[in-house]
Amino acid sequence: MDRKIVPIAKIIEGILEKHEHQKKSRQAIIIDSWKEIMPAQAAQYTAPAAIKNNTLTVVVSNSAWLHHLTTEKKKILKKINHFLGETKIDELRFKIGSPDVYQ
528 MDRKIVPIAK
538 IIEGILEKHE
548 HQKKSRQAII
558 IDSWKEIMPA
568 QAAQYTAPAA
578 IKNNTLTVVV
588 SNSAWLHHLT
598 TEKKKILKKI
608 NHFLGETKID
618 ELRFKIGSPD
628 VYQ
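Residues 528 to 630 in the working numbering are what the sequence shown spells out, letter by letter.
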């Protein structure tokens, strides 16, 4: 068996590159990707606020958006987990507030 000697630094570099997205917290990934995750118009009226026990709390500017997003909850959850690379958020919770505080 012919094996090539590889410096440990190269191996570590490869591992770090492979798992680069894991360096960021779930919340940082969600915040950075929010405009891509949410339906186009909804992004300006919403903001991710917190993650606790795999539940993402999303602040919504008014009750109309809260109702609309509640009907789209499964799609949004699927898209969030797509951006995270695996299922890491189990539930979405919407609450009325000022998204500007979290952006």
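Here a beta-carbon is modelled for each residue, glycine too, at the ideal position from N, C-alpha and C.
- Note that the C-beta distance between residue 585 and residue 623 is not below 8 Å.
- In the three-state scheme derived from DSSP, where H, G and I count as helix and E and B as strand, residue 579 is classed as strand.
- In the three-state reduction of the DSSP assignment, residue 607 falls in the helix class, which pools H, G and I.
- Pairing residue 565 with residue 616 gives a Cβ-Cβ distance that is not under 8 Å.
- With a threshold of 16 other beta carbon atoms within 10 Å, residue 626 meets it and is buried.
- Between residue 556 and residue 583, the C-beta gap is not smaller than 8 Å, which leaves the two residues out of contact.
- Within the same chain, Cβ atoms closer than 8 Å to the Cβ of residue 595 are found at 569, the five residues on either side in sequence being excluded.
- At the C-beta level, residue 611 and residue 553 come within 8 Å of one another.
- Under the DSSP assignment, residue 553 falls in the alpha helix (DSSP H) whose first and last residues are 553 to 564.
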